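Q: Sharing a structure here in structure tokens format.
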Amino acid sequence: MSVHAHTLLGGPIPVAQANAAILSQFLSRFKSGGPAERPWIELVMARAVSSTTPSLISTALQANASALCANDLQHPEISKHATKLYLFVIERLQALLRSPSWSDTLVLHTCMIISFYDRIAGKDPAGSHAHVRGVARLIQAKGPQSFISGIEHQTFRYYRINIFMISVADRTPCFLAEADWRNIPFSGDCPPKTILDILLDSLTEIPGVLAAAENLSKGGLSRYVLVQKAFELAYRVRCLIWDLEKWKELHIWTYPAICEVPNSRNLDLLALCKLITELHPYDARLGEALSCYTGAQLILARVAQRLGERSFLMRTALRLPHTLYDLVSAIVLVSRAQITAEDSSLITLIVTTFPLKVAQGTTELQDPELHKAIRDMLSQVAVEFSRRYNLKYTTPS
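Its first residue numbered 1, the sequence shown is counted upward by one per residue in the UniProt record's numbering.
Structure below.
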């Protein structure tokens with residue numbers, strides 16, 4: 001697609017130079033700066049910009065970069081140019097998705113990159129959720145064998161948390177909960193699973209639990225079937241709570257920075273979160289894992305509480321390891337540290353929104369002070385997305 005010359009900073013700049021400058025600014029803004037298991041952004045972007053032949057990926061990158069530049073400079077002409085590039089990419093993607101080339105890695109990566117556009121342009125930040133759902137369907141259609149090694153494996157590793165979060169929001173079972181998806185992409189010569197990767201193996205069961213709970217609440221079932229489904233759901237919830245506690249036992253208490261603390265296993269949840277937030281240097285990867293753990297336990301506690309209202313037997317079977325108050329308080333503690341951490345990345349901020357949104361929806365807890373803290377944290381996350389990346393980020397509700 002042809003590109004227009006831009007007039008920036010008070011004077012004309014040649015097309016190639018302007019585009020290179022805009023793209024360079026975008027790439028430097030979005031470098032993840034994270035650990036070795038998260039180089040996806042750099043890998044894909046480096047491949048796109050190093051190609052001697054312009055590709056759809058590079059056009060998608062240029063659309064995002066131009067939109068970001070338009071935001072930075074408040075320049076309407078660059079914004080119009082970004083929109084044209086975006087619409088061109090969408091049109092080409094739609095054609096490719098209907099063709100035999102739908103499974104090409106270029107298509108998947110272009111979809112992932114263009115999903116940033118709505119958040120940058122700011123016209124409809126929630127519009128990016130449709131792109132996430134589309135990427136999830138593409139990944140599922142390609143199958144787990146497609147993501148065993150190389151950049152494909154990094155793609156899967158990078159995007160798994162996004163697929164989980166959109167599945168929770170949609171309350172639809174997540175294909176990532178299947179055994180093949182938990183195991184096959186990690187069966188090649190790749191770095192071992194991180195504590196968050198291991199936790200996600202259990203978390204991907206939660207959307208299915210939410211779907212089952214929603215089906216129960218709709219009614220239309222005979223009393224016998226309703227009781228049977230309720231007990232099946234209670235069993236699933238109990239097993240998941242146990243899995244999460246087992247994960248904490250195996251991976252939090254044995255984490256190097258934690259196991260060095262005397263009597264750390266005697267700490268309750270709030271004391272553990274306080275300990276982690278006071279580590280020097282702060283470990284954002286550990287904070288991400290604990291954030292997801294608390295968010296997941298809060299979802300399960302709410303489902304368990306509603307099931308417990310049905311019978312004394314269920315209340316007895318679903319004894320919870322933590323109260324709603326402790327879980328929401330823990331989320332506030334860890335989120336505050338995550339948002340202000342120097343080594344927090346784009347992924348860190350995205351992960352942090354998950355437990356905060358769960359806590360925001362916990363209307364069963366009548367504590368105005370905690371709910372105000374949650375609203376303040378979500379506002380602060382939005383500020384950080386804007387300050388660091390000039391993004392208007394909205395998490396799936």
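Glycine is no exception: its CB is placed at the ideal position from the N, C-alpha and C atoms.
Every value quoted in this text rests on a predicted model; they were computed, and no experiment measured them.
(1) Flag this pair as yes or no: are the beta carbons of Ala67 and Ile148 separated by less than 9 angstroms?
(2) Using C-beta distances below 7 angstroms, list every residue in its chain close to Ala284, excluding the 5 sequence neighbours before and after it, in chain order.
(3) With Arg92 and Leu56 assumed to form a contact (beta carbons below 8 angstroms), what rounded beta-carbon distance in angstroms separates them?
(4) Using alpha carbons as the reference points, say which of Arg336, Arg375 and Asp326 lies closest to Ser288.
(5) In angstroms with no decimal places, state the Cα-to-Cα distance between Val237 and Ala82.
(6) Quick one, which of Ser291, Leu300, Val358 and Arg306 has its alpha-carbon nearest Pro333's?
(7) Can you check whether the CB of Leu85 is closer than 9 angstroms to the CB of Ala63?
(8) What ranges does the alpha helix (DSSP H) occupy inside the region 291-368, keeping only unbroken runs of at least 4 residues that lie completely in it?
(9) Do you know how far the Cα of Met165 is from the Cα of Leu378?
(10) Quick check: what's the CA-CA separation for Gly127 versus Pro262?
(11) Please state whether the Cβ-Cβ distance between Leu327 and Thr294 is less than 9 angstroms.
(12) My output table needs one value for Thr204: the three-state DSSP class, helix, strand or coil.
(13) Within this structure, are the beta carbons of Lys229 and Ala212 separated by less than 9 angstroms?
(14) On the three-state DSSP scale, how would you describe Thr105?
(15) The ligand SAM and Ser291: does the residue's C-beta get closer than 8 angstroms to at least one heavy atom of that ligand?
(16) Between the alpha carbons of Cys190 and Leu370, how many angstroms are there, rounded?
(17) Across the region 270-284 and the region 295-306, are there enough close Cβ pairs to call them in contact, namely three or more that are closer than 8 angstroms?
(18) For Thr316, which residues of its own chain have a beta-carbon under 8 angstroms away from its beta-carbon, when the five flanking residues on both sides are left out?
(19) Pick out whichever of Arg137, Ile151, Asn71 and Arg133 has its Cα sitting closest to the Cα of Asp106.
(20) Anyone know if the C-beta pair for Ile206 and Cys239 falls short of 9 angstroms?
(21) Quick check on the DSSP output: the alpha helix (DSSP H) that includes Val261 runs from which residue to which?
A: According to the data block:
(1) Residue mapping note: residue 67 aligns to position 67 of the sequence shown, counting from 1. Residue mapping note: residue 148 aligns to position 148 of the sequence shown, counting from 1. No; because the gap between Cβ atoms is not below 9 angstroms, this pair is not in contact.
(2) Working through the sequence shown from its first residue, we reach residue 284 at position 284. These residues qualify, in order along the chain: Gln338, Ala341, Asp343, Ser344 and Thr348.
(3) Translated into the one-based positions of the sequence shown, residue 92 becomes position 92. Translated into the one-based positions of the sequence shown, residue 56 becomes position 56. With a Cβ gap of about 6 angstroms, Arg92 and Leu56 count as contacting.
(4) Here residue 288 refers to the residue found at position 288 when the sequence shown is read from its first residue. A small fix is needed here, since residue 288 is Glu in this sequence, not Ser. Comparing Cα-Cα distances from Glu288 to each of Arg336, Arg375 and Asp326, the minimum goes to Arg336.
(5) By one-based count along the sequence shown, residue 237 stands at place 237. By one-based count along the sequence shown, residue 82 stands at place 82. Each residue's Cα considered, the two are about 46 angstroms apart.
(6) As a first step, residue 333 is located in the sequence shown; it is residue number 333 there, counting from the start. Residue identity differs from the one stated: residue 333 is Leu in this sequence, not Pro. Out of Ser291, Leu300, Val358 and Arg306, Ser291 has the C-alpha closest to the C-alpha of Leu333.
(7) Locating residue 63 in the sequence shown gives position 63, where the first residue counts as 1. Locating residue 85 in the sequence shown gives position 85, where the first residue counts as 1. Result yes, Cβ atoms of Ala63 and Leu85 sit closer than 9 angstroms.
(8) 312-317, 324-340 and 346-360
(9) As a first step, residue 378 is located in the sequence shown; it is residue number 378 there, counting from the start. As a first step, residue 165 is located in the sequence shown; it is residue number 165 there, counting from the start. Those two C-alpha atoms are separated by around 16 angstroms.
(10) Locating residue 127 in the sequence shown gives position 127, where the first residue counts as 1. Locating residue 262 in the sequence shown gives position 262, where the first residue counts as 1. Approximately 48 angstroms, taken between the alpha carbons.
(11) Counted from its first residue, the sequence shown places residue 327 at position 327. Counted from its first residue, the sequence shown places residue 294 at position 294. Contact: yes.
(12) For the purposes of this step, residue 204 is taken as residue 204 along the sequence shown, with counting starting at 1. Reduced to three states, the DSSP call for Thr204 is coil.
(13) Taking the sequence shown and counting its residues from 1, one reaches residue 229 at position 229. Taking the sequence shown and counting its residues from 1, one reaches residue 212 at position 212. Yes, these two residues count as a Cβ contact at 9 angstroms.
(14) On the sequence shown, residue 105 is found 105 positions in, with the first residue counted as 1. The answer is helix: DSSP assigns Thr105 an H, G or I state.
(15) Of ligands this structure carries none, so the ligand SAM is not represented either.
(16) Taking the first residue of the sequence shown as 1, we reach residue 190 at position 190. Taking the first residue of the sequence shown as 1, we reach residue 370 at position 370. The alpha-carbon atoms of Cys190 and Leu370 are separated by roughly 41 angstroms.
(17) no
(18) Looking up residue 316 in the sequence shown gives position 316. Within the same chain, Thr316 has no close Cβ partners at all.
(19) Residue numbering aside, residue 106 sits at position 106 when the sequence shown is read from its first letter. According to the sequence shown, residue 106 is Leu rather than Asp. Leu106 has its Cα closest to that of Ile151, out of Arg137, Ile151, Asn71 and Arg133.
(20) Taking the sequence shown and counting its residues from 1, the one referred to as residue 206 is at position 206. Taking the sequence shown and counting its residues from 1, the one referred to as residue 239 is at position 239. The answer is no: Cβ separation not under 9 angstroms.
(21) The residue labelled residue 261 in the question sits at position 261 within the sequence shown. Per DSSP, Val261 belongs to no alpha helix (DSSP H) and is neither H nor E.
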